[in-house]
Amino acid sequence: MLDLRDLECLLALTRHRHFARAASDCGLSQPAFSMRIRQLEERLGIQIVKRGNRFQGLTAEGETVVAHARAILDRVRTLEEEVRAAKGEVTGALMVGTIPTSSAYAAFAANRLRARFPGIRPRIETTNSLAIQQGVDDGRFDAGLTYSEGASTDLLRVERLYDERYILFAPEHLASPGAGTVTWAEAAEMPLILLEPEMQNRRILDHVFESVGSHPAIVAETSGFIAAIAMAREGMGATVLPQVLVDSLGTLGGAVLLPIIEPEVSKPVALVTPRRSRGIPVVEALRSIVAPTEQ
16 MLDLRDLECL LALTRHRHFA RAASDCGLSQ PAFSMRIRQL EERLGIQIVK
66 RGNRFQGLTA EGETVVAHAR AILDRVRTLE EEVRAAKGEV TGALMVGTIP
116 TSSAYAAFAA NRLRARFPGI RPRIETTNSL AIQQGVDDGR FDAGLTYSEG
166 ASTDLLRVER LYDERYILFA PEHLASPGAG TVTWAEAAEM PLILLEPEMQ
216 NRRILDHVFE SVGSHPAIVA ETSGFIAAIA MAREGMGATV LPQVLVDSLG
266 TLGGAVLLPI IEPEVSKPVA LVTPRRSRGI PVVEALRSIV APTEQ
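Note that my numbering has the sequence shown beginning at 16, numbered continuously upward.
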């Protein structure tokens, strides 16, 4: 009979694509980890991993085994959590991947989740939209918060949560507190601190600036908003923040917050989860908290 631990090791290898990192993730030495992969191959009578000095991918048979391994371990986890849920205990870890612009929303959701289901332990990881979709598909994440545009509805359940809107956060020497609003063209006249180019939020903003015929001067780039806010407060430049993050921060002295208009831009953000006939209880608990509308 197959050992579930061997299947867990195989999935770790597909996530990390590196034997040493996968072994560490599984709490095993690399020789012990490699032995488990070899034993699984011998048990099934096929070659799963392409051999070489480094991980070179999976064979065609290996891809089939991985697909079954994900389904098997998913069912085992669902069984374990449903048994606990039947006893009135919704417990366990919940891995959530979120784009930077939704990190505040993810924090709000985690807080409400813990208040209602104290046995759930949320873990939030901020990354880009592509990594979220891949992570939900390969089991690294139980759920993700990302833009619904571009999310694969063939592989993922995509449920719209809210529309992301944008606020200019600027030091007072760049923007007047009495202005009320600012246009995208006016924002482009300021030195800007934006997310890195590989982030989808940055691509959205670049497209908006291009649509109004503006070419902003980017003075700094970051992978998250904390550094951008700190630099803006120090006077380096202005930054563009999602409304949901601004709402979470409350009063921010030493800077001006202005809604950006002409055009008014909004982008739908969604909860993405694996398509399953039966949902894992911790994921269903999250869904009950955020109460999305499926698209």
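The beta carbon of each residue, even a glycine, is placed where N, CA and C say it ideally should be.
Would residue i and residue j qualify as a contact pair, given that the criterion is a beta-carbon distance under 7 Å?
| i | j | result |
| --- | --- | --- |
| Leu207 | Pro231 | yes |
| Pro333 | Ser163 | This structure leaves residue 333 out entirely; the chain is present only between 16 and 310. |
| Thr288 | Arg172 | yes |
| Ser229 | Ala200 | yes |
| Thr79 | Ile295 | no |
| Thr106 | Glu179 | no |
| Gly268 | Pro186 | no |
| Ala253 | Leu160 | no |
| Ala194 | Leu273 | yes |
For the candidate residues the options, whose alpha-carbon lies nearest to that of residue i?
| i | options | result |
| --- | --- | --- |
| Val297 | Asp40, Gly134 and Ser226 | Gly134 |
| Ile87 | Leu17, Phe34 and Leu128 | Leu17 |
| Phe224 | Ala285, Gly268, Ile276 and Leu286 | Ile276 |
| Ile182 | Gly150, Ala270, Ile147 and Leu160 | Ala270 |
| Leu264 | Asp89, Ile61 and Phe123 | Phe123 |
| Leu73 | His33, Gln148 and Ile244 | His33 |
| Gly154 | Ser167, Asp89 and Ser303 | Asp89 |
| Leu220 | Leu22, Glu279 and Ile63 | Glu279 |
| Arg218 | Ala245, Arg248 and Val255 | Val255 |
| Arg58 | Asp21, Glu299, Ala285 and Phe184 | Asp21 |
| Ile147 | Arg248, Glu299, Leu286 and Leu43 | Leu286 |
Return the bridge partner residues of residue i from the DSSP annotation.
| i | result |
| --- | --- |
| Phe184 | Thr254 and Leu272 |
| Ile233 | Leu207 |
| Arg172 | Thr288 |
| Val197 | Ile275 |
| Lys282 | Glu179 |
Would you kindly report the start and end of the unbroken alpha helix (DSSP H) that includes residue i?
| i | result |
| --- | --- |
| Thr29 | Leu19 to His31 |
| Pro137 | Where Pro137 is concerned, there is no enclosing alpha helix (DSSP H), although the beta strand (DSSP E) it sits in stretches over Ile135 to Thr141. |
| Leu55 | Gln45 to Leu59 |
| Gly150 | Ser144 to Asp153 |
| Ala121 | Ser118 to Arg131 |
| Ser238 | No alpha helix (DSSP H) contains Ser238, which DSSP labels as neither H nor E. |
| Arg218 | Gln215 to Ser226 |
| Arg36 | Phe34 to Asp40 |
What residue range does the beta strand (DSSP E) around residue i cover?
| i | result |
| --- | --- |
| Val111 | Gly107 to Thr113 |
| Leu301 | Where Leu301 is concerned, there is no enclosing beta strand (DSSP E), although the alpha helix (DSSP H) it sits in stretches over Pro296 to Val305. |
| Leu160 | Ala158 to Tyr162 |
- prompt: Do the stretch 103-120 and the stretch 137-156 touch if we need at least three Cβ pairs shorter than 8 Å?
  reply: yes
message: Does the stretch 22-36 come into contact with the stretch 71-85, if we say contact requires no fewer than three beta-carbon pairs (one atom in each stretch) closer than 8 Å?
response: yes
query: Is the stretch 205-221 close to the stretch 237-245, with three or more CB pairs under 8 Å?
result: yes
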